[in-house]
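Peer 1: Residue numbers (my numbering), protein chains in the order written: chain A, 1 to 370; chain B, 1 to 374. Backbone N, C-alpha and C define an ideal beta-carbon position, used for all residues, glycine too.
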Amino acid sequence: MPFDCFSRRSFLQGAAAGTAAAALGFPNLARAQSGVTIGIVYVGPKDDFGWNQAHAVSIGVLKATPGVKIIEEENVPETAAVAKSMESMINLEGANLILATSFGYFNPFMVDVAKKYPKVTLRHAAPLWEKGKHPDNAGSYFGYLDQAHYVNGVAAGLSTRTNKIGFVAAKPISSVLRNINSVLWGARSVNPNATLQVIFTGDWALPVREAEAANALIGAGCDILTCHVDSPKVVIETAERRGIRSLGHNASQAPLAPKGFITGAEYKWETIYRIFAEAIAKGQPVPNMVFGGYDKDMVRNTAFGAGAEEPARKAAEAAIADLKANKPIIRGPVKDNKGNVVLPNASYDNFDRVLDGMNFLAEGVVGSIT
Amino acid sequence: MNQPVSIPAGPAAAGRIGRERLARLQRGAEAVAIPMLALVISAGLFSIFLLILGKSPVQFYSLIWLGGFGTPFSWSNTLLRAAPLMLMALAVAIPARLGLTMIGGEGALVLGGFAAAAIAVPLIGTTNPVLMHALMLIAAMGIGAIWIGIAGGLRHHRGVNETISTLLLSYIAIAIMNFFVEGALRDPADPNKPSTRAIGSEAMIGKMPGIDVHWGLAVAVLACILLHVLMQRTTYGFACRIAGGNARAALAQGLPVGKLIVSASMIAGLCAGLAGYFEVAAVHGKANASLAAGYGFTGILVAFLARHNPLAIIPVAILFGGIAAAGGIIQRRMGLPDASVLLLQGMTFLVLLASETLYGRFRLFNPAARTERT
């Protein structure tokens, strides 16, 4: 399906909205319907030091594209409200590309909007879209952040003195479990004695509980902390205040820990948004499915902070080189932390779909999903 | 009502009836005018705030009009949000007629929605959808009624403050749902967002004809009308209002105040559970953390602005649905943060509470006071 920035339907809708606005006597509400209007929906604030900020900053690539107008909306809950926000962007402001950045937006909300507006292109930031099963005008884009967490783990494995790394996690779901396990696998690749202690807080944004979990992990002897919560701010700041080192998640938290920051796992959404921008500039369709890791420059590690020592830096850089060459992270057979063999093969491709549904904590992780 | 007029009466009696009618009209006008005044004042205060930020209040209110009411799409957006607000406002308004401030409807909504989704799990695809929906409805309304009923019972039998208990029960309800959704009832097919198994789009409740809003809206409007009749036109409602006016006097009159408190709480829970049912059956198709979307809390505001009158809840819920629907376009066009709409709501609430002191102070609305003075 071509990327139809001037479809008759969207033109008519835009024109109708414009006429309505003009007729009602609000001249500055009627916008010229030309070029591409991209509507972006965020689940939280755009300056959360985490997931939403990572997107909001990268959107700059699209903002710089000529003929592109960006409209953004933050704090949109994963309810019928998001469907209406997307429809409002389409109906009232003539958006022809929608980027929905939160996991729970996809089904049923984005899928329904895609069916209702077949001429509008919609893309969702998680590997959920499947050809044939979901509408053709919908699609997914995603960066495999576990690769950057693996690099975090490599750096942590050579930095820890107590061999205990702490991980504050939100919910025991696949993407989180995969990041937890990747930190451990990274650490074990350079330090076979490393262990990882994990505490689940139960939700994406519980700052008080995140601080409690961070303090508990430090109390248990962890000398490096990392996390997978919406906003890593609290965990990183707590680590810094208690004088231990930290690893980031989602976006750069380096400014929060001037003494103890080692490196962090960051999305590089701008690579994906640049692919979108280039397609738009050429008048081509935006690809339905865009994903990758270090191999396609879609994730990165934050520049080393003061907490990164020379051996850790070198090992981390070597690990990044391996990942760019698509060297597999997982060397099996892999056991979970209860002793069951969960991944029987000798190795797994880094993008094997089996790994998308990861539902265990690997051997060496101290903690429980249930 | 018409009977006294049809009975032949002297001119004095006719005059008295006329005066009573006028007085009733004037009281009605007061109940409309004062909240309107409060709305206008809060809009004015918010305009000052916008001016301080260097934004145009004219643009702000024009965008509320456009985003909430200006186009057919805006109306469907508004009404979709208004439907749960009506039910959640009823959950506050009915106990309020008994003098109870119950603010935990959110919990009953979540638990009701969860119960509906949970009871549907073993029935998906095997049971007649009509039967399935009937069971879901009973589960949602039943658990909602029990949940707020507990707070009513605690209030009557143990003197536990119902405001605190409903609020705390609401957190417990959300925790219960999360416990099951992330544990025993979690759908293994959805590894990344813990949810119950989806009932499937075919089994979900559809849209009303001619409008892009599900049937929950019609049910909510109907509930407002029915509960208005219940509170204004039945002995039950009369007893409730007496008990709300003075519980001791009501007891002295032999009214079963305890039963009234518990039953009104249960009606409140029923409404909240019903809202939860529609969130699951018509919007989400499953239960997950997204059910706790704050409708219960906005519902409190709607109920107060409607002065706990079930009929007045309908337009007020539509107004607030419209403001919420316009929140997006305000963010996008004016670059105002999402919280600005919340600020407007909060300001409205404060002005509204302050305006309570104005009742009975205007001669225009208060003929009795005037006759006393003259």
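Does chain A have any CB closer than 8 Å to the CB of B/Q232?
Peer 2: Start at 1 with the first residue of the second sequence, and residue 232 of chain B comes out as number 232. No - not a single Cβ of chain A is within 8 Å of the one on B/Q232.
Peer 1: Can you name the residues that DSSP bridges to A/I199?
Peer 2: For the purposes of this step, residue 199 of chain A is taken as residue 199 along the first sequence, with counting starting at 1. Beta-bridge annotation (DSSP): A/I199 is paired with A/V168.
Peer 1: Starting from the Cα of B/L168, find the closest Cα among B/V213, B/A108, B/N178, B/A120 and give me that residue.
Peer 2: Looking up residue 168 of chain B in the second sequence gives position 168. That would be B/A108, whose Cα lies nearest to the Cα of B/L168.
Peer 1: If you drop the 5 nearest sequence neighbours on each side, which residues of the same chain put their C-beta closer than 8 Å to that of A/P328?
Peer 2: As a position in the first sequence, residue 328 of chain A is number 328, starting the count at 1. The residues are S347, Y348, D349, N350.
Peer 1: Name the residue from A/P172, A/K116, A/A279, A/V234 whose alpha carbon lies nearest to the alpha carbon of A/A254.
Peer 2: Position 254 of the first sequence holds residue 254 of chain A. Selected option, being the one with the closest Cα: A/V234.
Peer 1: Suppose you measure from the CA of A/L99 to the CA of A/I272; what does that come to, to the nearest Å?
Peer 2: For this step, residue 99 of chain A is matched to residue 99 along the first sequence. For this step, residue 272 of chain A is matched to residue 272 along the first sequence. Approximately 12 Å between the Cα atoms of the pair.
Peer 1: Nearest to A/L97 by alpha carbon, out of A/G50, A/A279, A/P127, A/G243?
Peer 2: Taking the first sequence and counting its residues from 1, the one referred to as residue 97 of chain A is at position 97. A/L97 has its Cα closest to that of A/A279, out of A/G50, A/A279, A/P127, A/G243.
Peer 1: Between B/V76 and the rest of its own chain, which residues show a CB-CB distance below 8 Å, the 5 nearest in sequence each way excluded?
Peer 2: Sequence index remark: in the second sequence, residue 76 of chain B carries index 76 (1-based). According to the sequence as given, residue 76 of chain B is Ser; it is not Val. Result list for B/S76: I211, D212, V213, in chain order.
Peer 1: Excluding the 5 residues flanking A/A257 on each side, which residues of the same chain have their C-beta closer than 6 Å to its C-beta?
Peer 2: Counting from one through the first sequence, the residue named residue 257 of chain A turns up at place 257. Closer than 6 Å at Cβ, skipping near neighbours: I236, E240, S246.
Peer 1: Which residues in the same chain have their Cβ closer than 6 Å to the Cβ of A/N74, if we skip the five residues on either side of it in sequence?
Peer 2: In the first sequence, the residue the question calls residue 74 of chain A occupies position 74. In the sequence as presented, Asn is not what sits at residue 74 of chain A; that position holds Glu. Same-chain partners within the cutoff: Y42, P45, K46.
Peer 1: Compare the Cα-Cα distances from B/G258 to each of B/V121, B/K55, B/G153 and report the closest residue.
Peer 2: In the second sequence, counting from the first residue as 1, residue 258 of chain B sits at position 258. Scanning B/V121, B/K55, B/G153 for the CA closest to the CA of B/G258 turns up B/G153.
Peer 1: Given that A/G104 touches chain B, what residues does it touch there, using C-beta distances under 7 Å?
Peer 2: Sequence index remark: in the first sequence, residue 104 of chain A carries index 104 (1-based). The answer, in chain order, is K193, S290.
Peer 1: Can you find a C-beta in chain A that's less than 8 Å from the C-beta of B/A293?
Peer 2: Locating residue 293 of chain B in the second sequence gives position 293, where the first residue counts as 1. For B/A293, the answer is yes, since a Cβ of chain A falls inside 8 Å of its Cβ.
Peer 1: Would you mind working out which of A/G364, A/F276, A/Q147 sits nearest A/A316, comparing C-alpha positions?
Peer 2: Within the first sequence, residue 316 of chain A is the residue found at index 316, counting from 1. Nearest C-alpha to A/A316: A/Q147.
Peer 1: How is the alpha helix (DSSP H) around A/S88 delimited, first residue to last?
Peer 2: Residue 88 of chain A sits at position 88 when you count from the first residue of the first sequence. Note, A/S88: alpha helix (DSSP H), 80-93.
Peer 1: Could you tell me which chain A residues have their CB closer than 8 Å to the CB of B/V283, listed as they occur along the chain?
Peer 2: The count along the second sequence starts at 1 and reaches residue 283 of chain B at position 283. In chain order: T79, A80.
Peer 1: Compute the Euclidean distance between the alpha carbons of A/V333 and B/I199, then round it to the nearest angstrom.
Peer 2: Position 333 of the first sequence, counting from 1, holds the residue named residue 333 of chain A. Position 199 of the second sequence, counting from 1, holds the residue named residue 199 of chain B. Note on residue identity: the sequence assigns Pro, not Val, to residue 333 of chain A. Distance between the alpha carbons of A/P333 and B/I199: 37 Å.
Peer 1: Using a Cβ cut-off of 9 Å, pull out every chain B residue sitting near A/L97, in sequence order please.
Peer 2: Taking the first residue of the first sequence as 1, we reach residue 97 of chain A at position 97. Under the 9 Å cutoff, chain B gives no residues; its nearest Cβ is about 15 Å from A/L97.
Peer 1: Distance, Cα to Cα, B/P72 vs B/F365?
Peer 2: Within the second sequence, numbered from 1, the residue matching residue 72 of chain B stands at position 72. Within the second sequence, numbered from 1, the residue matching residue 365 of chain B stands at position 365. Roughly 37 Å separates the two Cα atoms.
Peer 1: Have a look at B/G269, B/P129, B/I205 and flag the residue whose alpha-carbon is nearest the alpha-carbon of B/T377.
Peer 2: Within the shown structure, residues of chain B are numbered from 1 to 374, placing residue 377 of chain B beyond reach of any answer.
Peer 1: Need the endpoints of the alpha helix (DSSP H) that B/C240 sits in, please.
Peer 2: On the second sequence, position 240 is the one that residue 240 of chain B refers to. 235-245 is the extent of the alpha helix (DSSP H) around B/C240.
Peer 1: Which stretch, first to last residue, makes up the beta strand (DSSP E) that contains A/K131?
Peer 2: Mapped onto the first sequence, residue 131 of chain A falls at position 131. Per DSSP, A/K131 belongs to no beta strand (DSSP E) and is neither H nor E.
Peer 1: Give the DSSP bridge partners of B/K259, in chain order.
Peer 2: The residue you call residue 259 of chain B lines up with position 259 of the second sequence. DSSP output for B/K259 lists no bridge partner at all.
Peer 1: What are the residues in the stretch 327-358 of chain B lying within 7 Å of chain A by C-beta distance?
Peer 2: Against chain A - using a Cβ distance shorter than 7 Å - the residues of the stretch 327-358 of chain B are G328, I329, Q331, R332, D338.
Peer 1: Buried or exposed for B/V229, going by 16 or more other Cβ atoms inside 10 Å?
Peer 2: As a position in the second sequence, residue 229 of chain B is number 229, starting the count at 1. Exposed: under 16 other Cβ atoms inside 10 Å.
Peer 1: Rank A/R300, A/A114, A/H249, A/F261 by C-alpha distance to the C-alpha of A/D223 and give the top, closest one.
Peer 2: The residue you call residue 223 of chain A lines up with position 223 of the first sequence. Comparing Cα-Cα distances from A/D223 to each of A/R300, A/A114, A/H249, A/F261, the minimum goes to A/F261.
Peer 1: State the DSSP-derived secondary structure class of A/Y141, mapped to helix, strand or coil.
Peer 2: Within the first sequence, the letter at position 141 stands for residue 141 of chain A. A/Y141: strand per DSSP, three-state reduction.
Peer 1: Going along chain B in order, which residues have a C-beta closer than 7 Å to the C-beta of A/E72?
Peer 2: Within the first sequence, the letter at position 72 stands for residue 72 of chain A. The contacting residues are R332.
Peer 1: Would you call B/A88 buried or exposed, if buried means 16 or more other Cβ atoms sit within 10 Å of its Cβ?
Peer 2: For the purposes of this step, residue 88 of chain B is identified with residue 88 of the second sequence, where counting begins at 1. It is Met, not Ala, that sits at residue 88 of chain B in the sequence shown. That one is buried.
Peer 1: Apply the 10 Å Cβ neighbour rule to A/A23 and answer buried if 16 or more other Cβ atoms are within range, or exposed otherwise.
Peer 2: Here residue 23 of chain A corresponds to residue number 23 of the first sequence, with the count starting at 1. With a pLDDT of only 41 at A/A23, under the threshold of 50, the placement of this residue in the model should not be trusted, and no figure is reported.
Peer 1: What residues of chain B sit near A/I173, judged by a beta carbon separation below 8 Å?
Peer 2: On the first sequence, residue 173 of chain A is found 173 positions in, with the first residue counted as 1. Simply P191, N192, K193, P194.
Peer 1: Is the Cβ of A/E210 closer than 8 Å to any Cβ of chain B?
Peer 2: Here residue 210 of chain A is taken as the residue at index 210 of the first sequence, counted from 1. A/E210 does not count as touching chain B.
Peer 1: What residues in its chain sit with their C-beta under 8 Å from that of A/V183, if we drop five residues either side in the sequence?
Peer 2: The sequence position of residue 183 of chain A within the first sequence is 183, counting from 1. Closer than 8 Å at Cβ, skipping near neighbours: H149, Y150, N152, G153, A156, I165, F167, L196, T226, L247.
Peer 1: Could you check what DSSP says for A/I40 in three-state terms: helix, strand or coil?
Peer 2: Within the first sequence, the letter at position 40 stands for residue 40 of chain A. DSSP, reduced to helix, strand and coil, places A/I40 within a strand of the structure shown.
Peer 1: Please report the residue range of the alpha helix (DSSP H) in which B/Y61 lies.
Peer 2: For the purposes of this step, residue 61 of chain B is taken as the residue at position 61 of the second sequence. If you look at B/Y61, you'll find it in the alpha helix (DSSP H) that goes 57-65.
Peer 1: What residues match up with A/I70 in a beta bridge as DSSP calls it?
Peer 2: Your numbering for residue 70 of chain A matches position 70 in the first sequence. Partner(s): A/I38.
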